[in-house]
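Trainee: FYI, the numbering for the sequence shown is 1 to 264, going by UniProt numbering. All residues carry an ideal CB built from backbone N, CA and C; glycine is no exception. The following block contains the structure, expressed as C-alpha cells.
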Amino acid sequence: MRRSRIAAYVSSLLLAVGAVLAGAGSAQAATGPYVALGDSYASGVGAGSYIGSSGDCKRSTKAHPYLWAAANSPSSFAFTACSGARTGDVLNNQLGPLNSSTALVSISIGGNDAGFADVMTTCVLQSDSSCVSRINTARAYVDSTLPGQLNNVYSAIRTKAPNAHVVVIGYPRFYKLGQSCLGLSETKRKAINDASDYLNAAVARRAAAYSFTFGDVRSTFTGHEICSGSSWLHSVNWLNIGESYHPTAAGQSGGYLPVLNGAA
C-alpha cells in the first residue's frame, strides 16, 4: 500500500514536471510582436524574391527579418524596412507598428546617411585618391553628425516600444584582402573595409548607450566577402546596379540570420 502511494506520488510529480516543460517549450516557440526596421540591408535588396506590395522598398522573403519571423512565429510581424532608407525615413515612415506590446525590434540604419552609395560610386569610377578622399568625408560625417541622427531614431524606438528588445545590426566588410581579384585596387578595398569598421564602431557605441544589442555580422561574413571565391555579397552589377554591394540570399540566411538568432 505504501509502495503504491509512493508510485502514485512519483507519477504525479513526473506529470507536473512534464507539464511545466511543455509549457516552457510552448513559450519559447511563440514570441510577441516583431517589427523589422531599416535600410536595404534589412529589407533584403540583392536577395531577390521581393514582395510585390513593397514596391521600391524591395522587401524580400529571403531577408533575415522575414526568415526569422517564419522560423519563430511571432504573434505579429511588421516589416517596414525600405531600400534607400536614412534615419529620417525611419522616423517618418517606419515606426507606425511600434507600441508597448512590441517584443522585438531589429534595425539596420546609418549607411545611407553616411553616403554609402556615393562612396561606392566614387570608388568604382574614380582614382584611388578620390576614393580615399570621399571615404574620409564620410568618416567625418560619422563623427560629427551620424551619432545625433542615430540618437533620434533610437530614442523614438524606445519611447514607442518601451518593452521591446532592440537589436541593432551592423554591416559586413566588403572585401577579402590580399587576393588576386578583378575590380577595385587593394588600396580601395582596404579603405572601404576600414570605413565599414568605422561605421560599425559608431553604430555600436550609440546602440550601447541605449542598452540595445549590437549584432555584428563581420564574423559570419568572414570568408564570404567579395574576392573570397565564395562571396555572399554582390560586386558591381551593371545590369541591376541597385543590387551592387548588397548581400545575396545566402548572405541574408548565412550571414545575417544567425546574428539575429543569437541576439534576439
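Whose C-beta lies closer than 8 Å to the C-beta of Gly-170 among residues of the same chain, with five residues either side of it excluded?
Mentor: Within the sequence shown, the letter at position 170 stands for residue 170. Closer than 8 Å at the Cβ level, and outside the excluded window around Gly-170, lie Ser-108, Leu-199, Asn-200, Val-203, Ala-204, Phe-214, Gly-215, Asp-216, Val-217, Arg-218.
Trainee: Name the residue from Ala-78, Thr-121, Ser-130, Arg-206 whose alpha carbon lies nearest to the alpha carbon of Tyr-154.
Mentor: For the purposes of this step, residue 154 is taken as residue 154 along the sequence shown, with counting starting at 1. Ranking Ala-78, Thr-121, Ser-130, Arg-206 by Cα distance to Tyr-154 puts Arg-206 first.
Trainee: For Ser-230 and Gly-223, I'd like the C-alpha separation in whole angstroms.
Mentor: Residue 230 sits at position 230 when you count from the first residue of the sequence shown. Residue 223 sits at position 223 when you count from the first residue of the sequence shown. Straight-line Cα distance between these residues: approximately 7 Å.
Trainee: What alpha helix (DSSP H) runs, 4 residues minimum, are completely inside the region 118-184?
Mentor: For the region 118-184, whole alpha helix (DSSP H) runs of length 4 or above, ordered along the chain, are 128-144, 146-160.
Trainee: Report the rounded CA-to-CA distance for Ala-22 versus Lys-62, giving the unit in angstroms.
Mentor: Along the sequence shown, one-based indexing puts residue 22 at 22. Along the sequence shown, one-based indexing puts residue 62 at 62. No answer about Ala-22 holds up, because its pLDDT of 37 lies below 50 and its placement is not dependable.
Trainee: Would you kindly report the start and end of the unbroken alpha helix (DSSP H) that includes Thr-187?
Mentor: Within the sequence shown, the letter at position 187 stands for residue 187. That run of the alpha helix (DSSP H) goes 186-209.
Trainee: What is the DSSP secondary structure of Leu-257, counted as helix, strand or coil?
Mentor: Taking the sequence shown and counting its residues from 1, one reaches residue 257 at position 257. Three-state result, Leu-257: helix.
Trainee: How about Gly-110 and Leu-150: do their beta carbons lie closer than 8 Å?
Mentor: Taking the first residue of the sequence shown as position 1, residue 110 is located at position 110. Taking the first residue of the sequence shown as position 1, residue 150 is located at position 150. Contact: yes.
Trainee: Assuming Val-45 and Glu-243 are in contact, meaning their beta carbons sit under 8 Å apart, how far apart are those beta carbons, in whole angstroms?
Mentor: Your numbering for residue 45 matches position 45 in the sequence shown. Your numbering for residue 243 matches position 243 in the sequence shown. At roughly 6 Å, the Cβ-Cβ gap stays under 8 Å, so Val-45 and Glu-243 are in contact.
Trainee: State the beta-bridge partners of Gly-215 as determined by DSSP.
Mentor: Residue mapping note: residue 215 aligns to position 215 of the sequence shown, counting from 1. BP columns for Gly-215 point to Ile-169.
Trainee: Identify whether Tyr-245 lies in helix, strand or coil by the three-state DSSP scheme.
Mentor: As a position in the sequence shown, residue 245 is number 245, starting the count at 1. In the structure shown, Tyr-245 sits in coil (DSSP, three-state: anything other than H, G, I, E or B).
Trainee: Going by Cα to Cα distance, which pick from Val-105, Gly-88, Gln-126 is closest to residue 266?
Mentor: Here the chain comprises residues numbered 1 to 264, so residue 266 is not present and cannot be evaluated.
Trainee: Identify whether Val-35 lies in helix, strand or coil by the three-state DSSP scheme.
Mentor: Here residue 35 corresponds to residue number 35 of the sequence shown, with the count starting at 1. Residue state, collapsed to three classes: strand.
Trainee: Once DSSP output is grouped into helix, strand and coil, what is the label at Val-105?
Mentor: Indexing the sequence shown from 1 puts residue 105 at position 105. Strand at Val-105.
Trainee: Run through DSSP, which three-state label would Ala-85 get?
Mentor: Reading the sequence shown from its first residue, position 85 is the one you call residue 85. Reduced to three states, the DSSP call for Ala-85 is coil.
Trainee: Between which residues of its own chain and Ala-24 is the CB-CB distance below 7 Å, once the five residues before and five after are set aside?
Mentor: Position 24 of the sequence shown holds residue 24. With a pLDDT of only 36 at Ala-24, under the threshold of 50, the placement of this residue in the model should not be trusted; the figure read from the coordinates follows. For Ala-24, where only same-chain residues beyond five positions count, there are no Cβ hits under 7 Å.
Trainee: Would you identify the three-state DSSP class for Ser-231, choosing helix, strand or coil?
Mentor: Translated into positions along the sequence shown, residue 231 becomes position 231. Ser-231: coil per DSSP, three-state reduction.
Trainee: What does the Cβ neighbour count give for Thr-159, buried or exposed, with the cut at 16 atoms within 10 Å?
Mentor: Translated into positions along the sequence shown, residue 159 becomes position 159. Exposed, since its Cβ has fewer than 16 Cβ neighbours within 10 Å.
Trainee: Suppose you measure from the CA of Gly-48 to the CA of Leu-233; what does that come to, to the nearest Å?
Mentor: Position 48 of the sequence shown, counted from the first residue, corresponds to residue 48. Position 233 of the sequence shown, counted from the first residue, corresponds to residue 233. Between Gly-48 and Leu-233, the C-alpha separation is close to 13 Å.
Trainee: Relative to the alpha-carbon of Ser-75, which residue among Ser-60, Leu-37, Ser-101, Asn-193 has its alpha-carbon at the smallest distance?
Mentor: Residue numbering aside, residue 75 sits at position 75 when the sequence shown is read from its first letter. Out of Ser-60, Leu-37, Ser-101, Asn-193, Ser-101 has the C-alpha closest to the C-alpha of Ser-75.
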